[in-house]
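**Q** Chains as they are written, first to last, in the numbering used here: chain Y, 7 to 191; chain U, 1484 to 1869. The structure is given below, and queries will be raised subsequently.
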Amino acid sequence: MELEKFKLGATNLKQKDIEAGKVLSIRQTPDLEYAWDNGVAIGRYLKELKEGRIIARKCNKCGRVMIPPRMFCELCFRPTDEWVYCKDTGTVNTFSICHINWDASRIPEGMPPHLPAVIEIDGASPGTGILHLLGEVEPEKIKIGMRVKAVWKKPEEREGSITDIMYFKPLRNPSKSGTGSKRRS
Amino acid sequence: MGQKVAIVGAGITKFVRRAQETGKELAWQAAKMALDSCELTLDDIESVSCGTAPDAFDGVHEKGEYLSDGCGGWRKPYMRQFVGGGTGVFAPIHGWLHVASGMFDTCLVVCAEKMSSCHPHPQGAFKTIFDHTTEQPLDPTLVWIFAMEYNRYMTTYGIDKRDIALVSVKNKKNAMDHPAAQLPMEITVDDVLNSEVLAWPVNRLDISPTSDGAAAIVLAGEHAAKRITDKPVWIEGVGWNLDSAYWASRDLAYPRYVEKAARMAYDMAGIREPKKEIEIAEPYDPFTYKELHHMEGLLLADRGEAPQLLVDGVTQRDGARPMCPSGGALGVGNPIAATGLMKTIEIFLQLRGEAGKRQVPGSPRCGLAQAWGDLMQVGTVVVLKR
Ligand SMILES: [Zn+2]
């Protein structure tokens, strides 16, 4: 068989026909609302964020200090053992300079780009990162390996959310400069 | 294992931005073509496997049930499978399980995707795959992960963005010879680098389009396959593997889950030196860097070395190790679940010498297709031989 010998299906609708209202479709915006319970591990994690602290969970078998924390070690497949506070500093593992919003719409000209990053948190096991944002930095100056520190909302504005940290900003006088963790696979 | 399994027929629709057809109409078109291609009817089919990605694209819950009549699934043992973008190569694996087990002699495998129903853009639906308690409040777009993985890969090995852009140039050009292609075009590296920056280092032309489309194959056990066709293409190895969904703690420079899936498939197919024995491949390429990243995970290139093979022309259709001769997700299009099956079909056609203008020289005997998905941590691989 060769694809070229068949008449292939699918009819591409033309943008001008869609815009002219020639394409009929049924539209609906489902209005579903969810309340996601935070659970045991993330519940404590978010509660500590409200207090301005980052907490992890340690497995005494493999020795990993895990963030976000979890009540079971997925590798050892046993309960984790203890809560461990981390620092609110870390190292940029990777980052992007993003000009679009979550729904793919473009950030208007003149507005700053989003600066998502993976940040390896000090005190957690090497290579253990979380998704967050960078701020107070020129996008061109961001580097993998850069040392950063959390910038917190004011205590009265915190609500027990990952957004209680507004973003991470470069450490002025980094005590040590990392290059991101080197990991074997 | 119960019995050997072959691909004996294939069907595909065009991949388009927004199809007039519904998902089930697309599924029907691909499924019917697959049956016609090997002169079978639905009566000859003993089991049906459907692959389709997030229900959120369609806004239709239980999409497996919704698509089932288009897939030919009614009054048959029918199952839907789904591992995000990895679905399209998990589909032949899923069908293989049905037949290799000896439970069925034939299985019709259909993958369909209609992304265009989600407005204003299907990217919006992807937000919901991030962790709902610790990540979604940051308003992420899926492009963040790709951009950051691209950056980590590029920085770890000191790769030039120009070399990565070449993937787009190659694949979109290859797609000019694919009759289902949505974005075939002749472009230059500068066109890629000068296209709109979505999320540095990802530009518009680094990313595959969103698409509507469907693909289907017919699988048959050893005896049935030989009755149906004199050119069966055997599924010699299958592999799949899932890594940690704590993606921010994974090694983003290297897709370990792809290596694990590939090793599983190679072991089964008796492949010891993939660089020599895999003559042609369709690694999953929803973004430019992913083709290179995946070649390394598939052990078809050393770590950080895939870009050099591309620059040297090794992965062109007339090179020693052609990659994405179809045009890939970047050129043919990316209707999530159907993309991997399109890739499987390309290897099927190439091994049969039936790929038309896309045919690679040298009559390859062994090739593979690979896809990747979920929260970017599932690898699916099939090794095919004639
Ligand atoms: Zn452990």
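Where a beta carbon is used, it is the ideal one built from N, C-alpha and C, also for glycine.
Tell me which residue opens and which closes the beta strand (DSSP E) that threonine 1562 (chain U) is part of.
**A** Position check: residue 1562 (chain U) holds methionine in this sequence, whereas threonine was assumed. 1561 to 1564 is the span of the beta strand (DSSP E), which, as asked, contains methionine 1562 (chain U).
**Q** Does the structure place the segment 1757 to 1775 of chain U close enough to the segment 155 to 169 of chain Y that three or more beta carbon pairs sit under 8 Å?
**A** They do not touch, by the three-pair rule.
**Q** Can you confirm whether proline 36 (chain Y), when its beta carbon is compared against all beta carbons of chain U, has any partner nearer than 8 Å?
**A** Judged by the 8 Å Cβ criterion, proline 36 (chain Y) is in contact with chain U.
**Q** Can you check whether the C-beta of valine 1581 (chain U) is within less than 8 Å of a C-beta belonging to chain Y?
**A** One point to set straight first is that residue 1581 (chain U) is histidine, not valine, in the sequence displayed. False, the Cβ-Cβ gap to chain Y never drops below 8 Å.
**Q** So, serine 1694 (chain U) versus arginine 1500 (chain U), is the Cβ gap smaller than 8 Å?
**A** Yes, the pair counts as a contact, with Cβ atoms nearer than the cut-off.
**Q** Scan the segment 1736 to 1766 of chain U for residues whose Cβ lies nearer than 8 Å to a Cβ of chain Y and list them as they occur along the chain.
**A** Listed in sequence order: Tyr1737, Arg1739, Glu1742.
**Q** Can you give the Cα-Cα distance for proline 75 (chain Y) and glycine 135 (chain Y), rounded to whole angstroms?
**A** Each residue's alpha carbon lies about 12 Å from the other.
**Q** Against chain U, with Cβ distances strictly below 8 Å, would aspartate 109 (chain Y) count as a contact?
**A** Aspartate 109 (chain Y) counts as touching chain U.
**Q** Between lysine 1826 (chain U) and the rest of its own chain, which residues show a CB-CB distance below 6 Å, the 5 nearest in sequence each way excluded?
**A** Counting only Cβ-Cβ distances below 6 Å, and skipping sequence neighbours, we find Glu1765, Ala1852.
**Q** Please compile the residues from chain Y whose C-beta is within a distance smaller than 8 Å of the C-beta of leucine 1621 (chain U).
**A** Under the 8 Å cutoff, chain Y gives Pro122, Leu137, His138, Leu139, Ile168, Thr169.
**Q** How about phenylalanine 174 (chain Y): is its C-beta nearer than 8 Å to some C-beta of chain U?
**A** False, the Cβ-Cβ gap to chain U never drops below 8 Å.
**Q** Could you pull the start and end residues of the alpha helix (DSSP H) that glutamine 1606 (chain U) belongs to?
**A** Residues 1606 to 1609.
**Q** Where does tyrosine 91 (chain Y) land, buried or exposed, given buried means 16+ other C-beta within 10 angstroms?
**A** That one is exposed.
**Q** Note down the Cα distance separating leucine 1523 (chain U) from threonine 1589 (chain U), rounded to an integer number of angstroms.
**A** Going from the Cα of leucine 1523 (chain U) to the Cα of threonine 1589 (chain U) covers about 11 Å.
**Q** Closer than 8 Å by C-beta to valine 46 (chain Y): which residues in its own chain qualify, once you throw out the five before and the five after it? Chain order, please.
**A** Excluding residues within five positions, the ones whose Cβ falls inside 8 Å are Met77.
**Q** Got a sec: is the Cβ-Cβ distance from cysteine 104 (chain Y) to anything in chain U below 8 Å?
**A** With 8 Å as the cut-off, cysteine 104 (chain Y) counts as an interface residue toward chain U.
**Q** Is leucine 81 (chain Y) near ligand 1 - that is, is its Cβ less than 7 Å away from at least one heavy atom of it?
**A** At least one heavy atom of ligand 1 is nearer than 7 Å to the Cβ of leucine 81 (chain Y), so yes.
**Q** Using beta-carbon positions only, say whether alanine 1821 (chain U) and alanine 1658 (chain U) come within less than 8 Å of one another.
**A** Contact: no.
**Q** How close, in whole Å, do the beta carbons of valine 1685 (chain U) and phenylalanine 1770 (chain U) come, if the pair is a contact with beta carbons under 8 Å?
**A** That pair is a contact at about 7 Å.
**Q** Residues of chain U with CB under 8 Å from alanine 26 (chain Y), in chain order?
**A** Near alanine 26 (chain Y) there are no residues of chain U at all, since even the closest Cβ is about 14 Å away, more than 8 Å.
**Q** Using alpha carbons as the reference points, say which of U:Val1572, U:Ala1784, U:Glu1618 lies closest to lysine 1758 (chain U).
**A** Among U:Val1572, U:Ala1784, U:Glu1618, the Cα nearest to that of lysine 1758 (chain U) is on U:Ala1784.
**Q** Distance cutoff 8 Å, beta carbons only. Does alanine 41 (chain Y) sit that close to anything in chain U?
**A** No, because no Cβ of chain U sits closer than 8 Å to the Cβ of alanine 41 (chain Y).
**Q** How far does the alpha helix (DSSP H) with serine 1520 (chain U) in it extend, from its first residue to its last?
**A** That run of the alpha helix (DSSP H) goes 1506 to 1520.
**Q** Sorted by chain position, which residues of the same chain lie with C-beta nearer than 8 Å to arginine 1848 (chain U)'s C-beta, five sequence neighbours on each side aside?
**A** Excluding sequence neighbours, arginine 1848 (chain U) sits near Glu1762, Leu1834, Lys1868, Arg1869.
**Q** Given 7 Å as the limit, tell me if arginine 76 (chain Y) has its C-beta closer than that to any heavy atom belonging to ligand 1.
**A** No, ligand 1 has no heavy atom inside 7 Å of this Cβ.
**Q** Whose CA, out of U:Pro1575, U:Gly1567, U:Ala1608, U:Lys1497, lies closest to the CA of asparagine 107 (chain Y)?
**A** Residue U:Ala1608 is the option with its Cα nearest to asparagine 107 (chain Y).
**Q** Please confirm whether threonine 1535 (chain U) has its beta-carbon closer than 8 Å to some beta-carbon of chain Y.
**A** So no, threonine 1535 (chain U) is outside the interface.
**Q** Using the beta-carbon of each residue, which ones in chain U are nearer than 8 Å to isoleucine 61 (chain Y)?
**A** The contacting residues do not exist; isoleucine 61 (chain Y) stays about 13 Å from chain U at best.
**Q** Distance check for glutamate 1529 (chain U) and lysine 219 (chain Y), CA to CA, integer angstroms please.
**A** This structure leaves residue 219 (chain Y) out entirely; chain Y is present only between 7 and 191.
**Q** Could you check where the alpha helix (DSSP H) with serine 1651 (chain U) kicks off and where it finishes?
**A** Run containing serine 1651 (chain U): 1644 to 1657, per the alpha helix (DSSP H) assignment.
**Q** Glutamate 1774 (chain U) CB to nearest chain Y CB: under 8 Å?
**A** Cβ-Cβ to chain Y under 8 Å: no for glutamate 1774 (chain U).
**Q** Could you check whether leucine 9 (chain Y) and proline 1662 (chain U) sit closer than 8 Å to each other, using their CB atoms as the reference points?
**A** It is a contact, given that the beta carbons lie within the stated cut-off.
**Q** If we ignore side chains and look at the alpha-carbon of each, how far apart do glycine 1485 (chain U) and isoleucine 1754 (chain U) end up?
**A** Going from the Cα of glycine 1485 (chain U) to the Cα of isoleucine 1754 (chain U) covers about 21 Å.
**Q** How would you list, in chain order, the residues of chain Y whose beta-carbon sits under 7 Å from the beta-carbon of proline 1575 (chain U)?
**A** Within chain Y, no residue comes near proline 1575 (chain U); the closest Cβ sits about 17 Å away, beyond 7 Å.
**Q** Taking Cβ positions only, does phenylalanine 101 (chain Y) come closer than 8 Å to chain U?
**A** Chain U, which has a Cβ nearer than 8 Å to the Cβ of phenylalanine 101 (chain Y), makes this yes.
**Q** Ignore the nearest five residues each way along the sequence and tell me which others in lysine 1644 (chain U)'s own chain have a CB closer than 8 Å to its CB.
**A** Here the set comprises Met1637, Leu1676, Pro1684.
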